[in-house]
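Numbering (the UniProt record's numbering), first residue to last: 1 to 540. Scroll down for the structure; my scribbles are underneath it.
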């Protein structure tokens, strides 16, 4: 039996100890003090406590070590997790520019093209919550490596798809694998690293995503215009296979933590209801762009999403070990940060969508030429990434977010004013540079703040929720902006005319600018100046 004296006071993962690091200075907290938000959570699961346990107790896997970027292992962990983020984003952005080539080869109707992208994002966004909980329960390493292996298999399947239906189905299975890698990566970063190193790796993780988008566009444009779009998936599949095996040997092993023989019960009802609600919501918003809001194919899943969400909330109040503790939303800073992330991504997802369409349909650039002209976006995001960590240490979270989001509002204006005769340097170039800098700062600060606001035992769950906000945000942003775009295009039947396209597409981009402004107001109203790392257990 372990007495209070024998219990560890500084568990490597912080399951039973206070976490003293913070996004900003927390010197006002006494040493080894517990963050106030921890008081909102009931005692942790018995399997996460080192209380009285029989000699034949079962065990669960917990990362056995922490480290820093001064070690080879720490550097390798940072490289593998950031590369995983890179691959996940590339699978989205590289496909966008290859859609016309795919449609021609597989005889896909233009109205069905969005599903090649949506199938991936639906599965991705809809399963992040479940993947985050599985990573927290059963270990980051097995969930990450299993997800990468699954992603490898279905990426190869996509590269050999012979029909529209098989292509869309295989893309959905791809999304399941990608969903497993994100929360496990973020959870690993937040439990293996601490302090400045954690901020640096989180910044690199977010910056990699910004760079991956630009790289994916260029990568997809080059391959689809040369050796074929199928090699996009074959080349990326070789990279995911390497990540699957290297992650198993590089990521921290598992140590044995005393626990009762009874395995922790999983909240299957909550997992099912939460995932179904998420998928239905994203499906409804994704379908609205193609079918309109007055169609049954949009209304039915939207209503069912609300119903299943209500059932999910009810279930989470009743079960012993909920998949998502509702107390999490009472944690200071969590809810405000999450909704800011949602609206921010509604802006950025729509901005990128219209930026590429305006370049090709108004300024009449080819896909490859468009890809090359988007390179400044990646360069700006990479350069800004190098400074984000020092920004986080010197300025408050609120100041950084508000300043960055204001830049985002301004960045849209030059392209929103574009006409067929407009010069690239006076429009798209400015949007790419300012938008890239804005997203690099905003994405990283939001991710750091959201993950930092939860107790250590919920880091992977928070990582999943960060990306859930981003996935849903894209669907909402595109759906709302497309309504504005379509309303403007009704008076211009000749949609092949660049001037007519400019009027309708820029209307959608102006709506996206409104989302940037709304995210700024949310950050101003609800983000705290300093977000401390929450300590203590969370009921799972």
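Even glycine gets a Cβ: it sits at the ideal position worked out from N, Cα and C. Bear in mind that the values here come from a model prediction, so they are computed numbers and not experimental data.
- For residue 444, the enclosing alpha helix (DSSP H) covers residues 428-452.
- If you compare the alpha carbons of 410, 468, 486, 324 with that of residue 513, the shortest gap goes to 410.
- With respect to the 8 angstroms criterion, residue 432 and residue 498 are not classified as neighbours on the basis of their beta carbons.
- In this structure, 364 is the residue among 364, 131, 71, 515 with its C-alpha nearest to the C-alpha of residue 420.
- The beta carbon of residue 354 lies closer than 6 angstroms to those of 505, 508, 509 in the same chain, with the five residues before and after it left out.
- With 16 or more other Cβ atoms from the protein chains shown falling within 10 Å of its own Cβ, residue 378 counts as buried.
- Contact between the region 124-132 and the region 231-239 is absent: fewer than three C-beta pairs spanning the two stretches fall below 8 angstroms.
- The DSSP assignment places complete alpha helix (DSSP H) segments of no fewer than 4 residues inside the region 66-112 at 72-96, 99-106, in order along the chain.
- Look at residue 225 here: in three-state DSSP terms it is coil, with no helix or strand label.
- Taking residue 120 as the centre and dropping the five residues before and after it, the same chain places the C-beta of 171, 174, 175 closer than 6 angstroms to its C-beta, in chain order.
- Exposure of residue 521 is indicated by the presence of fewer than 16 other C-beta atoms within 10 angstroms of its C-beta.
- The straight-line gap separating the alpha-carbon atoms of residue 487 and residue 285 is approximately 17 angstroms.
- Counting every other CB atom within 10 Å of its CB across the protein chains shown gives residue 418 a total of 16 or more, marking it as buried.
- Comparing C-alpha distances from residue 291 to each of 93, 483, 204, 240 shows the shortest one belongs to 483.
- If the five residues before and after residue 309 are omitted, its C-beta is found closer than 6 angstroms to the C-beta atoms of 277, all from its own chain and listed in chain order.
- Distances from the CA of residue 242 to each of 477, 272, 146, 472 were compared; the closest alpha carbon is that of 146.
- Rounded to the nearest whole angstrom, the C-alpha separation of residue 314 and residue 389 is 40 angstroms.
- Taking the CA atoms as reference points, residue 481 sits about 11 angstroms from residue 288.
- Exposed is the label assigned to residue 326, since fewer than 16 other Cβ atoms lie within 10 Å of its Cβ.
- Under the Cβ criterion (8 angstroms, minimum of three pairs), the region 196-205 does not count as touching the region 97-105.
- Pairwise C-beta distances place the region 182-195 in contact with the region 73-88, as three or more of them are shorter than 8 angstroms.
- Rounded to whole angstroms, the gap between the alpha carbons of residue 347 and residue 403 is 16 angstroms.
- Across the structure, residue 267 and residue 358 are spaced so that their CA atoms are roughly 46 angstroms apart.
- Per DSSP, the unbroken alpha helix (DSSP H) holding residue 318 starts and ends at 296-318.
- Excluding five sequence positions before and after residue 240, the CB atoms of its chain that fall closer than 7 angstroms to its own CB belong to 87, 148, 151, 152, 155, given in chain order.
- Residue range 334-361 is occupied by the alpha helix (DSSP H) that includes residue 345.
- Secondary structure of residue 402 (DSSP, three-state): helix.
- For residue 129, the uninterrupted alpha helix (DSSP H) segment begins and ends at 128-138.
- Looking at the backbone, the Cα of residue 428 and that of residue 370 are separated by about 10 angstroms.
- With contacts defined as CB atoms closer than 8 angstroms, residue 342 and residue 473 qualify as a contacting pair.
- Here residue 89 has 209, 212, 213 as same chain residues with Cβ atoms under 6 angstroms from its own Cβ, once five neighbours each way along the sequence are excluded.
- When C-alpha distances from residue 244 are compared across 113, 69, 141, the shortest belongs to 141.
- Per DSSP, residue 370 is one residue of the alpha helix (DSSP H) stretching across 367-373.
- The alpha carbon of residue 441 has as its nearest neighbour, out of 401, 454, 450, 430, the alpha carbon of 401.
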